[in-house]
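Single-structure report; data block below.
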Amino acid sequence: MIDFEIEPSVVKRVKMFHMVADGVMRPISREYDEKEHVEPEQYFQTMWAANAMAGSSIDAAKKESDAPARNPMRNLYTVITTEELCWGDAGLFLATPNAGLGGAAVMAAGTAEQKERFLSRFRSGQPKWGAMAITEPGFGSDSSQVTTTATREGDDYVLNGTKIFCTGGDRAAKSEGFIVVWATVDRSVGRPGIKPFVVEHGTPGMTVVRTENKLGIRASDTAAIVFDNCRIPKDHLLGSPEVRKEGGFKDVMATFDATRPIVAAMAIGVGRAALDFVRDFLKQQNIQVRYGISPRRLTALERDFMEMEVQLKAARLLTWRAAWMMDVGKHNNLEASMAKAKAGLAVTQITQKAVELLGPLGYSRELLVEKWMRDAKINDIFEGTQQINMLIVARRILGYSSRELN
Ligand SMILES: Cc1cc2nc3c(=O)[nH]c(=O)nc-3n(C[C@H](O)[C@H](O)[C@H](O)COP(=O)(O)OP(=O)(O)OC[C@H]3O[C@@H](n4cnc5c(N)ncnc54)[C@H](O)[C@@H]3O)c2cc1C
Numbered sequence: 262m263i264d265f266e267i268e269p270s271v272v273k274r275v276k277m278f279h280m281v282a283d284g285v286m287r288p289i290s291r292e293y294d295e296k297e298h299v300e301p302e303q304y305f306q307t308m309w310a311a312n313a314m315a316g317s318s319i320d321a322a323k324k325e326s327d328a329p330a331r332n333p334m335r336n337l338y339t340v341i342t343t344e345e346l347c348w349g350d351a352g353l354f355l356a357t358p359n360a361g362l363g364g365a366a367v368m369a370a371g372t373a374e375q376k377e378r379f380l381s382r383f384r385s386g387q388p389k390w391g392a393m394a395i396t397e398p399g400f401g402s403d404s405s406q407v408t409t410t411a412t413r414e415g416d417d418y419v420l421n422g423t424k425i426f427c428t429g430g431d432r433a434a435k436s437e438g439f440i441v442v443w444a445t446v447d448r449s450v451g452r453p454g455i456k457p458f459v460v461e462h463g464t465p466g467m468t469v470v471r472t473e474n475k476l477g478i479r480a481s482d483t484a485a486i487v488f489d490n491c492r493i494p495k496d497h498l499l500g501s502p503e504v505r506k507e508g509g510f511k512d513v514m515a516t517f518d519a520t521r522p523i524v525a526a527m528a529i530g531v532g533r534a535a536l537d538f539v540r541d542f543l544k545q546q547n548i549q550v551r552y553g554i555s556p557r558r559l560t561a562l563e564r565d566f567m568e569m570e571v572q573l574k575a576a577r578l579l580t581w582r583a584a585w586m587m588d589v590g591k592h593n594n595l596e597a598s599m600a601k602a603k604a605g606l607a608v609t610q611i612t613q614k615a616v617e618l619l620g621p622l623g624y625s626r627e628l629l630v631e632k633w634m635r636d637a638k639i640n641d642i643f644e645g646t647q648q649i650n651m652l653i654v655a656r657r658i659l660g661y662s663s664r665e666l667n
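Those letters in the sequence shown? Residues 262 to 667, by the working numbering.
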């Protein structure tokens, strides 16, 4: 049975996250939107110190794998706290020093020993970042098209290829972090040949060649990275080196099943920021939204506002379900895609509607509403676009393979 009763200790934690979102992120939200490539150093130090005090999420994850009963709802709580921080600022959330998507890939594909070896660094020292690179100039949605190669040479693998749009890639390379790079060990076998490799910061042959100028989430760095005879030890391949029919690409999917609910929660945080702002604005204008009356008596504004609320709540419930399923060990591939597709679309529409309802004020850079509209859109693109997630949902419901329905 699904139980969304949240423990008092978690409610307290969520309140703490809200204070960080409101008191630490919001005040610098506009500044680091305007200054895309400037590092918010003070923010990094504050969040890193807070993380160390609270015990990093990776630490919690490790304890979790040691003793699942200790934190049985870890994924559900992660999406709840993600929403809270993205209510503060989604770009800064993505820029926060932690293992990020790289950590998620290590958790999904790595052995217990690799999890400890690669993730323990996020518990001490200076701020650091993890990142994950799948996308290449030749493909985005169809991750089975990986062309970056990993060639075995003695006790090493040698990587060659180019990755683009890697979130946190520049900071991972500049700090004592790492990038998980998906590369093929054998192109002739297709999907099963695709494996994840941890490339440490400062590894010769790995070069960040560019960081993007973006529409939204501008505090987050997005890197293009070239791998030119980049040599890494063989035990940096996450999981088993064996090329099995079920292996390789399955780890890509397992990573997405874990990260799509988090991206959905990011979207919901941005959408809630816009919705809360509109609610407060209407209150200030003495405009009431009348609940519980016949729909035909509602004003257009009331209908719009209620529709925004409904869409946000529906997206949140799907997201919580997808995360909860992971917590109870259920396969959540369908639900993760449902949540991600719904949240990306809902929040794109909610933030656009917020701009529209506020008129010229909504379009002005004096307020953050126009920024939330820009920040929202990425959730409809990365971790599988809305169309790709809908395709996955259709395949799962109708029982088609990716070859049969694409
Ligand atoms: C800011 C940002 C950060 C990112 N961070 C990362 C990261 O950290 N790591 C990483 O590896 N990648 C990252 N990406 C890449 C992102 O995951 C890809 O952009 C995304 O997967 C879409 O791929 P594409 O851009 O090649 O679009 P395409 O695959 O070319 O798609 C273009 C359009 O066609 C649609 N489309 C494609 N195939 C189909 C189909 N079969 N049916 C219907 N419609 C279809 C898509 O939905 C989309 O609307 C990031 C991208 C951005 C913009």
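The beta-carbon is built from N, C-alpha and C at its ideal position, and this holds for glycine as well.
Taking the straight line between their C-alpha atoms, what separation do you get for Asp565 and Leu559? Just so you know, the alpha carbons of Asp565 and Leu559 end up roughly 10 Å apart.
Would you check if the distance between the CB atom of Val524 and the CB atom of Glu344 is smaller than 8 Å? Not closer than 8 Å, so no.
Beta carbon of Leu659: closer than 7 Å to some heavy atom of ligand 1? Flag unset: Cβ of Leu659 not near ligand 1.
Gly363: buried (16+ other C-beta within 10 angstroms of its C-beta) or exposed? Counting Cβ neighbours within 10 Å, Gly363 comes out buried, since at least 16 surround it.
Closer than 7 Å: is that where the CB of Leu559 sits relative to any heavy atom of ligand 1? For Leu559, the distance from the CB to the nearest heavy atom of ligand 1 is not below 7 Å.
State the CB to CB distance for the pair Glu461 and Phe439, rounded to an integer number of angstroms; the pair is presumed to be in contact (CB under 8 Å). Between Phe439 and Glu461 the Cβ distance is about 5 Å, and since that is below 8 Å, they are a contact.
For Pro358, which of helix, strand or coil comes out of DSSP? In the three-state reduction of the DSSP assignment, Pro358 falls in the coil class, being assigned neither a helical nor a strand state.
Three-state class that DSSP yields for Leu476 in the structure shown: Leu476 sits in coil when the DSSP states are folded into three classes, being neither helix nor strand.
How about the segment 477 to 488 and the segment 445 to 452: do they share at least three Cβ pairs that are nearer than 8 Å? Because the criterion of three Cβ pairs below 8 Å is not met, the segment 477 to 488 and the segment 445 to 452 do not touch.
Cβ-Cβ distance between Pro333 and Asp541 below 8 Å: Not a contact, by the Cβ cut-off of 8 Å.
Whose C-alpha, out of Leu353, Ala584, Gly590, is nearest the C-alpha of Glu596? Comparing Cα-Cα distances from Glu596 to each of Leu353, Ala584, Gly590, the minimum goes to Ala584.
Is Ala356 near ligand 1, with its Cβ less than 7 Å from a heavy atom? No, the beta carbon of Ala356 sits no closer than 7 Å to any heavy atom of ligand 1.
Let me confirm a value: Asp518 is counted as buried when at least 16 other C-beta atoms fall within 10 Å, else exposed. Which label applies? Asp518 should be labelled buried.
Residue(s) in a DSSP beta bridge with Cys491: Beta-bridge partners of Cys491 (DSSP): Leu420.
Could you pull out every residue in the same chain whose Cβ sits closer than 6 Å to the Cβ of Asp327, ignoring the five residues on either side in sequence? Reliability of the predicted coordinates at Asp327 is poor, the pLDDT of 41 falling under 50, and no value is obtained from them.
Using alpha carbons as the reference points, say which of Ala534, Met567, Val654 lies closest to Asp283. When each option's Cα is compared against that of Asp283, the closest is Ala534.
For Glu503 and Ala373, I'd like the C-alpha separation in whole angstroms. Near 17 Å, if we compare the C-alpha coordinates of Ala373 and Glu503.
Compute the distance between the beta-carbons of Val442 and Thr409, then report whether it is under 8 Å. Cβ atoms of Val442 and Thr409: closer than 8 Å.
Helix, strand or coil: which one does DSSP assign to Met586? Residue state, collapsed to three classes: helix.
Would the segment 389 to 396 and the segment 349 to 363 be scored as touching if the rule is three or more Cβ pairs under 8 Å? Under the Cβ criterion (8 Å, minimum of three pairs), the segment 389 to 396 counts as touching the segment 349 to 363.
So Phe278 is in the alpha helix (DSSP H); what residue range does that whole segment cover? If you look at Phe278, you'll find it in the alpha helix (DSSP H) that goes 269 to 281.
Check whether the segment 489 to 497 and the segment 535 to 554 are in contact - that is, three or more C-beta pairs closer than 8 Å. The segment 489 to 497 makes no contact with the segment 535 to 554; the number of CB pairs closer than 8 Å stays below 3.
Short Cβ contact (8 Å threshold) for Leu573 with Gly532: In this structure, Leu573 sits near Gly532, with a CB-CB distance shorter than 8 Å.
If we require 4 or more residues per run, which alpha helix (DSSP H) segments fall completely within the segment 331 to 355? As far as the segment 331 to 355 is concerned, its whole alpha helix (DSSP H) runs of at least 4 residues are 335 to 349.
For Lys632 and Met527, what's the separation of their Cα atoms in angstroms? When rounded, the distance between both Cα atoms is 14 Å.
If you drop the 5 nearest sequence neighbours on each side, which residues of the same chain put their C-beta closer than 6 Å to that of Asp350? Within the same chain, Asp350 has close Cβ partners Met286, Ser290.
Let me check one thing: in DSSP terms, what residues is Pro457 bridge-paired to? Paired residue(s): Trp443.
How about Gly590: is its Cβ closer than 7 Å to a heavy atom in ligand 1? No.
Buried or exposed: where does Tyr304 fall if 16 or more other Cβ atoms within 10 Å of its Cβ makes it buried? The C-beta of Tyr304 has 16 or more other C-beta atoms within 10 Å across all chains shown, which makes the residue buried.
Does the segment 493 to 503 come close enough to the segment 413 to 432 that 3 or more CB-CB pairs lie under 8 Å? By the C-beta criterion, the segment 413 to 432 is judged to be in contact with the segment 493 to 503, since at least 3 inter-stretch pairs fall below 8 Å.
Using 7 Å as the cut-off, classify the Cβ of Gln648 as near or not near the heavy atoms of ligand 1, replying yes or no. Correct: Gln648 has its Cβ closer than 7 Å to ligand 1.
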